[in-house]
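*Asks:*
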Amino acid sequence: MSGYRLASGGLIDRSRPLSFTFDGKRYQGFAGDSLASALLANGVELYGRSFKYHRPRGLFSAGVEEPNALVTLRSGARSEPNCKAPVVELFEGLEARSQNRWPSLGLDVMAVNGLAGPLLSAGFYYKTFMGPTRKAWMLYEHFIRKAAGMGAGTLLADPDRYEDMNAFADVLIAGAGPAGLMAALAAAGSGARVILADEQAEMGGSLLGSGLPVGEVGGEVGGDAWCRSALAVLAALPNVTLLPRTTVYGYYDDNAFGAVERVADHLAAPPEGAPRQRHWTIRAQRLVIAAGAIERPLVFADNDRPGVMLADAARVYIERYGVAPGRRVALFANHDGAYRTLHALAAADVPVVAVIDPRRSIGTAARAAAEAAGAELLTGHVVTRALGGRRLTGIELAAYDPDAGVKGPAARTLAVDCLAVSGGWTPTIHLASQASGPARWDDTLAAFLPGEPAQPWIAAGACNGEMATAACLAAGARAGAEAARACGFSPSPVSIPAVTEQLVCDGILPLWDARLPKGGGKAFVDLQHDVTASDVSLAHREGFRSVEHLKRYTTLGMATDQGKTSNMAGLALMAHERGLTIPEVGTTRFRPPYTPVSLGALAGQARGAHFRPLRRTPLHDWHVAEGADMMEVGLWQRPRVYRREGESVEQAYIREARQVRESVGIVDVSTLGKIDVQGPDAAEFLNRVYSNGFLKLPEGKARYGLMLREDGFLWDDGTTWRLGEHRFLMTTTTANAAPVLAQLEFLLAAVWPELKVAVTSVTEQWAAMAVSGPRTRDVLAAVLDDIDMTNAAFPFMGVRAGHLDGIPVIVARLSFSGELAYEVYCGAHSGEAVWRKILAAGRDHDIVAYGLEALGTLRIEKGHVAGPELDGRTTAEDLGLAAMTSRKKDYIGSAMLDREGLTEPKRLKLVGFVSRDGQPVRSGSHLVSADDSESPPRSLGHVTSSTYSPALEKYIALGLLEDGRERIGQELIASYPLKGHRVEVEVVSSHFFDPEGSRMHV
Amino acid sequence: MSDLLSPLQGHSEPRVVGAGQGEAGVVLTERRIVSLVQVAAWPETLAQVEDAIASLTHCAPPQRATGSSAREGTVIMAIGPGRFLIESTDPALAAKLAEGVPAPLGAVTDLSHARSVVRIAGPQAAWVLAKGLAIDLDPARFPPLEVAQSAIHEVGVLVRRVSPDSFDLYVFRGFALSFWDWLTEAAAETGYRVDPPAKV
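So the sequences go chain by chain: A and B. Position 23 of the first sequence, counted from 1, bears residue number 23 in the working numbering, the numbering being contiguous throughout. Position 177 of the second sequence, counted from 1, bears residue number 1179 in the working numbering, the numbering being contiguous throughout.
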């Protein structure tokens, strides 16, 4: 194909030249060019190498259906493979590279695959790497991966930002060609909220650049002029949103749509603050599908030679871009519509050598077009083979009989450099197919049309089989009005512009195979995936006869183009093999996305620091300023340890924990779930949700409570404080804060609606800190204004409200560490002030801030259970808390407590372990017998939590063990085979330290 | 009061970002809450609770399930059946309501420290919000005074339309900074101005 720029014509701006490179070579195009049109104008013939056989490929289409001209755009972190050259808008400095070739596009070593063709036919991988030869995959994988695939992504982080957008409309219109524009005018006039989306930069679809007279606007009669005026009307309406460069790619439930707007893909880099792409989630009451149609190729030998191009694409390059597709052109088509291209070629003075048509007779207008173009008209003929290698040099023809097929041998050869082909048009039913019943076969078009809607959409125009512009305009007007009416609006009739009669896809003679009966060469059905007509026959011979099997076995239609140009021929060839009609064979269903969607667009802002939201406690800034190692606990950020210079994490937590036992420490416990429980029935309610009694909890006292699931397993624990007769403050574990609240709300709404209780999350209202250690009382007494801290006035589990240096606080005497300890709650905004005041008061008492690790150490030393033990598989009895499951009342979970599974004597029980050889015990280790006779040994249980205990000066752990309590004193192995760890442990009571609790009751 | 620390301290300071020479598309302001109190009525005491609220705040509670009412320093938002969230410039509001709505009538919960509020205003406010908020912000469907409880960037948010082009966004305190970071990134496209934190 020796394309060149025409002296005039097209929608390009010849006053704005743009320079760009392709494979490092510099070229010039104009504003308004696509990368493809600019390369074509520069005479570039070779655009890439094919997927499997590495055959040279040229430009095939002018739209998203492009299977050949796939390039890598930009470089470095912005490098993007598999961009379709016809839809890449040219910009100054654009860098493009061809793909799938080595060392160069002209000389590609892998083209040898073409010679080894039979080896790579359908099912190659299945046949080669399944069964006895499966191991060969290991050997060849590296080479196959290297040879396969199209282009290469970058491993660098994408420097651009992407974002989401939510939009709501009455009517969404997908496609802004004649039908879509008309639908928008009709719907918008009624006042309905309309979103009109189109994948191209310029709206207008088939009207762009078309000289077809449509209506009359200010003396101009071209489709272009009408398009501009329609868009001007729409742009001025406040109820219309125009979304150019936006593809509605997916149809989801309840008329929700996914669309991607390419905000800055047409620029070298997005402007500051702007996204590269924007993902739209559109919810519309009605969808009007005005997606147009895609021309399909014809199947003959070597039909992939660079220079073979879809007929309408050839017309588009001339009319829209002012580029001639070649210097000696032939047309091979089986319907009258393709003859429109002859008008364009003639108008541009491009020589047309011949028109080859399998039909015996053609329409008068088509015949006139061929004559006007000066072309030899060869009806009753087909092109059987394209000649040439890296470029088309000629074509071979043979006579054709609609009943008998191709009559060999080839009758003649014609020298051409561009062959425009058209096998008819395939309505773009992708969106409809995502929300409809089976597609309907249409004999006059030899194509499938949208099926019965399963959601409220209306198809209009070419995608619905209405191929003429006049029909599209009328259908669009109807669909727009109908959609608006369905949304409750009253559209008034809109005037439909008059259109000159045009050649349309009439009188089609379906032609699916123009190969010579015994001819050689590869006849491609799917150009992007290199699937040939012989592959379809092979699949049939091997029994893959259903279209679903055909698709998967040959990969036909499974490339990134979703078979936009190939599906119909594939179905037809299979139907022929089986002796059935195409509708009998049926078609596969299209799935989203219509065209590929970048992962960046799907991620939107949810990347990097925004991958998910961070939740910070009121003391966060203090922790960070103190150099704490912060760790994620759910969404929360919590301090793990406050490491001093040179300290390891272990050294830091041991120091912190030791200091708590020796003097006093303070820890941020603001992440605990806190629920305000109020109402006349609050005590009764709590008594029903906790397994232990809460009715008699006095005011000013806290109680530790257990919650079970309905199935009797342990669910959550925490203390609940009675602040008043009808008012409680419940605390939950950090992890279960939201689920517990949700469960309480459910119980009140659905199970006990008669209870007058209100529950509200107050987690964020309170900053919470636990102060523990033998000197805690002295520290707090120094800063609390009005709370008597003596043991008598403020006993264990007491709750007091008062002030800390003037700031309102609630203090509860609770101990998770086993030391004399208090939890101090204050308003979240006052959190840091209270924390600092306590630290200041504690300075003389050697106070230390401690993190999650030391918190864990202290509770493990005490044998207190936490998340790792409350793992959803343990009961209160398993954890030694059976005394807290009341037998005198009903509560959630009580009914299931005595079922067999929960009373089974062999259940794992909580015990402690001490490392005997000074090695740490890994959480998750399996506990196995020290006797090695069994291999692999049977697991007797597992380690749940472990730490170094500064109080015992040993590595200790908690775990769940079969017959646990009976095994105290035994020696076992804590085994972690993944890491090859084996630690000798002794089974001990889980209460390692101060089992009498003497230290907290002082 | 100097002991009070906003989670947006050091982040919500005045500045103009990304507006070039033109006007910023939105103005962001951290509104520092004085009092925020939730009142829940029992089903049969709703009328009494509404009367109590009205007499204490001089503002009648909204009658629409997703509405709000406002009067001189008080905003009352309907957040569920029989539940109101009341924001006020009266620092003693929680105590007054606790007295006016005793347990037999309903429950009063002080949430003054539990939420952060950002006001987003300006011609592009709805556009920026729509980047994260999946609710229809068309003024005909979400008019001024309307309240919605939804999520932005997985953060629970209560949205109240203050006027055609301004919205108050109430989020959990702990998510305030993460939310602010998201919002300022979303607003960079149209350019934004941050006004000094305000008590109103």
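Glycine is no exception: its CB is placed at the ideal position from the N, C-alpha and C atoms. Computed from a predicted structure; not experimentally measured.
On the three-state DSSP scale, how would you describe PHE1086/B?
*Replies:* For the purposes of this step, residue 1086/B is taken as residue 84 along the second sequence, with counting starting at 1. In this structure, PHE1086/B counts as strand in the three-state DSSP scheme.
*Asks:* In chain A, which residues lie with their C-beta within 8 Å of the C-beta of PRO1256/B?
*Replies:* The first residue shown for chain B is 1003 and the last is 1202, placing residue 1256/B beyond what the model contains.
*Asks:* Under DSSP, the beta strand (DSSP E) around LEU172/A begins and ends at which residues?
*Replies:* Here the question's residue 172/A lines up with position 172 in the first sequence. Here the beta strand (DSSP E) through LEU172/A covers 162 to 174.
*Asks:* Please compile the residues from chain B whose C-beta is within a distance smaller than 7 Å of the C-beta of GLY679/A.
*Replies:* One-based indexing of the first sequence puts residue 679/A at position 679. The contacting residues are ALA1105, ALA1109.
*Asks:* Do you know offhand how far ALA446/A's Cα is from GLY363/A's?
*Replies:* Translated into positions along the first sequence, residue 446/A becomes position 446. Translated into positions along the first sequence, residue 363/A becomes position 363. Spanning the two alpha carbons is a distance of roughly 18 Å.
*Asks:* Could you check whether ARG390/A and SER2/A sit closer than 9 Å to each other, using their CB atoms as the reference points?
*Replies:* Along the first sequence, read from residue 1 onward, the residue named residue 2/A stands at position 2. Along the first sequence, read from residue 1 onward, the residue named residue 390/A stands at position 390. Cβ atoms of SER2/A and ARG390/A: not closer than 9 Å.
*Asks:* Could you have a look at TYR251/A and say whether DSSP puts it in helix, strand or coil?
*Replies:* Residue numbering aside, residue 251/A sits at position 251 when the first sequence is read from its first letter. Note: TYR251/A maps to strand in three-state DSSP.
*Asks:* Can you tell me which of the three DSSP states ARG638/A falls into?
*Replies:* Taking the first residue of the first sequence as 1, we reach residue 638/A at position 638. Three-state result, ARG638/A: strand.
*Asks:* Going by DSSP in three states, LYS862/A sits in which element: helix, strand or coil?
*Replies:* On the first sequence, position 862 is the one that residue 862/A refers to. Three-state DSSP puts LYS862/A in a helix.
*Asks:* Does the contact criterion of 3 or more C-beta pairs under 8 Å hold for the segment 640 to 654 of chain A versus the segment 838 to 847 of chain A?
*Replies:* Result no; under three Cβ-Cβ pairs closer than 8 Å.
*Asks:* Using C-beta distances below 7 Å, list every residue in its chain close to ARG1073/B, excluding the 5 sequence neighbours before and after it, in chain order.
*Replies:* Counting from 1 along the second sequence, the entry for residue 1073/B is found at position 71. The answer, listed in chain order, is HIS1060, CYS1061.
*Asks:* Grab me the residues of CYS227/A's own chain with a C-beta within less than 6 Å of its C-beta, minus the 5 sequence neighbours each way, in chain order.
*Replies:* As a working mapping, residue 227/A is identified with position 227 in the first sequence. GLY204, LEU207.
*Asks:* When the cut-off is 9 Å and only beta carbons count, does LEU1030/B lie next to chain A?
*Replies:* Counted from its first residue, the second sequence places residue 1030/B at position 28. No - not a single Cβ of chain A is within 9 Å of the one on LEU1030/B.
*Asks:* Leaving out five residues on either side along the sequence, give the residues of the same chain with a beta carbon under 7 Å from the beta carbon of LEU571/A.
*Replies:* Taking the first residue of the first sequence as 1, we reach residue 571/A at position 571. Answer for LEU571/A: VAL547, ILE582, VAL585, THR587, listed in chain order.
*Asks:* How would you call HIS829/A, buried or exposed, if buried means at least 16 neighbouring beta carbons within 10 angstroms?
*Replies:* Here residue 829/A refers to the residue found at position 829 of the first sequence. Classification for HIS829/A: buried.
*Asks:* Hey, which unbroken runs of the alpha helix (DSSP H) at 4 residues or more fall wholly within the segment 63 to 121 of chain A?
*Replies:* Listed in chain order, they are 112 to 115.
*Asks:* Which residues in the same chain as ALA459/A place their Cβ atom closer than 7 Å to its Cβ, once the five residues preceding and following it in sequence are excluded?
*Replies:* Within the first sequence, the letter at position 459 stands for residue 459/A. Counting only Cβ-Cβ distances below 7 Å, and skipping sequence neighbours, we find ILE289, ALA432, PRO450.
*Asks:* Given a limit of 9 Å on CB to CB distance, which residues of the segment 1168 to 1191 of chain B reach chain A?
*Replies:* Going along the segment 1168 to 1191 of chain B in chain order, one finds PHE1174, ARG1175, GLY1176, PHE1177, ALA1178, LEU1179, SER1180, PHE1181, ASP1183, TRP1184, GLU1187, ALA1188, ALA1189, ALA1190, GLU1191 with a Cβ nearer than 9 Å to chain A.
*Asks:* Below 9 Å between beta carbons: does that hold for GLY32/A and ILE318/A?
*Replies:* If you number the first sequence from 1, residue 32/A lands on position 32. If you number the first sequence from 1, residue 318/A lands on position 318. Going by C-beta atoms, GLY32/A is not nearer than 9 Å to ILE318/A.
*Asks:* CA-CA distance, VAL531/A and LEU744/A?
*Replies:* If you number the first sequence from 1, residue 531/A lands on position 531. If you number the first sequence from 1, residue 744/A lands on position 744. Their backbone Cα atoms lie some 60 Å apart in a straight line.
*Asks:* Just to confirm the assignment, what range does the alpha helix (DSSP H) spanning ALA768/A have?
*Replies:* In the first sequence, residue 768/A corresponds to position 768, counting from 1. Run containing ALA768/A: none in the alpha helix (DSSP H); it sits in the beta strand (DSSP E), 766 to 772.
*Asks:* Can at least three beta-carbon pairs, one atom from the segment 513 to 523 of chain A and one from the segment 298 to 310 of chain A, be found at a separation below 8 Å?
*Replies:* Yes, since at least three Cβ pairs between the segment 513 to 523 of chain A and the segment 298 to 310 of chain A fall closer than 8 Å, the two stretches touch.
*Asks:* Could you say which of ALA1109/B, ALA1056/B, ILE1035/B lies nearest to PRO1093/B if we only look at CA atoms?
*Replies:* Working through the second sequence from its first residue, we reach residue 1093/B at position 91. Ranking the options by Cα distance to PRO1093/B, first place goes to ILE1035/B.
*Asks:* Pick out whichever of ILE282/A, VAL350/A, TRP280/A has its Cα sitting closest to the Cα of TYR4/A.
*Replies:* Locating residue 4/A in the first sequence gives position 4, counting from the first residue. If we check each option's Cα against that of TYR4/A, VAL350/A comes out closest.
*Asks:* Just checking my contact of ALA462/A with CYS472/A at CB under 8 Å: how many whole Å lie between their CB atoms?
*Replies:* As a first step, residue 462/A must be located in the first sequence, where it is residue number 462. As a first step, residue 472/A must be located in the first sequence, where it is residue number 472. Going by Cβ atoms, the distance from ALA462/A to CYS472/A rounds to 6 Å, so yes, they are a contact pair.
*Asks:* Bridge partners for MET730/A per DSSP, in chain order?
*Replies:* Taking the first sequence and counting its residues from 1, one reaches residue 730/A at position 730. BP columns for MET730/A point to ILE675/A, THR720/A.
*Asks:* Can you pull the chain A neighbours of GLN1040/B, defined as C-beta to C-beta under 8 Å?
*Replies:* Indexing the second sequence from 1 puts residue 1040/B at position 38. Within 8 Å Cβ-Cβ: THR760.
*Asks:* Per DSSP, GLN1151/B forms a beta bridge with which residues?
*Replies:* Position 149 of the second sequence, counted from the first residue, corresponds to residue 1151/B. DSSP output for GLN1151/B lists LEU1160/B as bridge partner(s).
*Asks:* Are at least three pairs of beta-carbons, each pair with one atom in the segment 957 to 971 of chain A and one in the segment 909 to 919 of chain A, less than 8 Å apart?
*Replies:* Flag = yes, the segment 957 to 971 of chain A and the segment 909 to 919 of chain A touch.
*Asks:* For CYS316/A, collect the residues of the same chain with a Cβ closer than 6 Å to its Cβ; drop the 5 residues on either side in sequence, then sort them by chain order.
*Replies:* The count along the first sequence starts at 1 and reaches residue 316/A at position 316. Per the sequence presented here, residue 316/A reads as Val, with Cys not at that position. Excluding positions up to five away in sequence, the list reads ALA62.
*Asks:* Between ARG1117/B and chain A, is there a C-beta pair that is closer than 9 Å?
*Replies:* As a working note, residue 1117/B is residue 115 in the second sequence. ARG1117/B counts as touching chain A.
*Asks:* Checking the sheet assignment: what are the DSSP bridge partners for TYR825/A?
*Replies:* Along the first sequence, read from residue 1 onward, the residue named residue 825/A stands at position 825. ALA768/A, ILE810/A, per the DSSP bridge assignment.
*Asks:* Indicate the three-state DSSP secondary structure (helix, strand or coil) for PRO582/A in the structure shown.
*Replies:* For the purposes of this step, residue 582/A is taken as the residue at position 582 of the first sequence. Note on identity: in this sequence residue 582/A is Ile, with Pro being the wrong assignment. Three-state result, ILE582/A: helix.
*Asks:* Go through its chain and collect everything with a Cβ distance to ALA539/A's Cβ below 6 Å, but skip five positions before and after it.
*Replies:* As a first step, residue 539/A must be located in the first sequence, where it is residue number 539. So the qualifying residues of the chain are ALA122, LEU550, TYR553, THR554.
*Asks:* Let me check understanding here. Comparing Cα to Cα, which of MET150/A, GLN200/A, HIS845/A lies closest to ALA782/A?
*Replies:* Here residue 782/A refers to the residue found at position 782 of the first sequence. Nearest option by C-alpha distance: HIS845/A.
*Asks:* Report the residue from GLY43/A, PHE22/A, ASN42/A whose alpha carbon sits nearest the alpha carbon of SER104/A.
*Replies:* Taking the first sequence and counting its residues from 1, the one referred to as residue 104/A is at position 104. Nearest of GLY43/A, PHE22/A, ASN42/A to SER104/A, Cα basis: PHE22/A.
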